[in-house]
Each structure stands twice: as C-alpha cells, then as structure tokens.
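In our numbering, the protein residues as written are 44 to 158.
Beta carbons are placed, not taken as given, at the ideal position from N, Cα and C, and that holds for glycine.
Keep in mind it's a predicted model, so treat the numbers as computed, not measured.
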C-alpha cells in the first residue's frame, strides 16, 4: 500500500522533482507558484500534454480533435492549438469561442452539438 510520502515522491519524479524538500514541478517550488498565482490554482504540465497528444495521434494514425468540453482552459487549448497536433471538437458557442480564442484554425474545428 502506498503511503502519502510514496505518492508525493511519485508525483515529484513524474513532474520534475523537488527543491529543498518541497514539490517543485519543472524545478519551480510549489510555494512560489502559490505566491505568484494565489490559491487554489490549476497546474498543468505542458510538455506532458504535448507528448500525450502526439502519442494519441501516432497510435491512431489519423487526425485527432481535442474535446474542449473536457477542459476549456484557454491555456491548455492554446498549447494544443499552437502545436498543430490536433484540432478542436466543440459542442456549444462558448466552446467555439474558446477554441477560436486559443488559436485553432476554423477548418480544424469540429462542431458536434446535440440535436
């Protein structure tokens, strides 16, 4: 059974280690991020997102579309749009607005709304 320390060490190993005994994703101490952005905040690992999108695309051997509904974070969408590895799938005008603001090309956006 994993302890909390084991889980923290696993996270530290997967996301960039620690600094002075503190979780430090990509080498940045978490306390510094909390000071800069306030709490609570969401923290995403851009390199990991990019790598996973590439792996999915390669595994499927076809075009893929990121479901904006899954996570409409503008930063995440901007990262995916900038890599040109995936299009966007939207189901509402709000999701469409996020996809366009993130930089997805209109021809790379699939609108699959209900009804």
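The residues 133, in chain order, have a CB closer than 6 Å to that of residue 139 in the same chain once the five nearest residues on each side in sequence are set aside.
Note that the C-beta distance between residue 92 and residue 119 is below 8 Å. Within its own chain, the residues whose Cβ lies closer than 6 Å to the Cβ of residue 99, once the five positions on either side in sequence are excluded, are 107, listed in chain order. Beyond the five residues adjoining it in sequence on each side, residue 129 comes within less than 7 Å, by CB distance, of 96, 100, 107, 108, 109, 123 in the same chain, given in chain order.
When only Cα atoms are considered, residue 121 and residue 142 end up about 8 Å apart. The C-beta separation of residue 146 from residue 125 comes to about 6 Å, placing the pair in contact by the 8 Å criterion. In this chain, the alpha helix (DSSP H) harbouring residue 96 covers 89 to 103. Closest by C-alpha distance to residue 157, out of 149, 150, 135, 87, is 135. A direct Cα-Cα distance of roughly 20 Å separates residue 71 from residue 94. Proximity to residue 111 across 76, 131, 102 peaks at 131, based on C-alpha coordinates.
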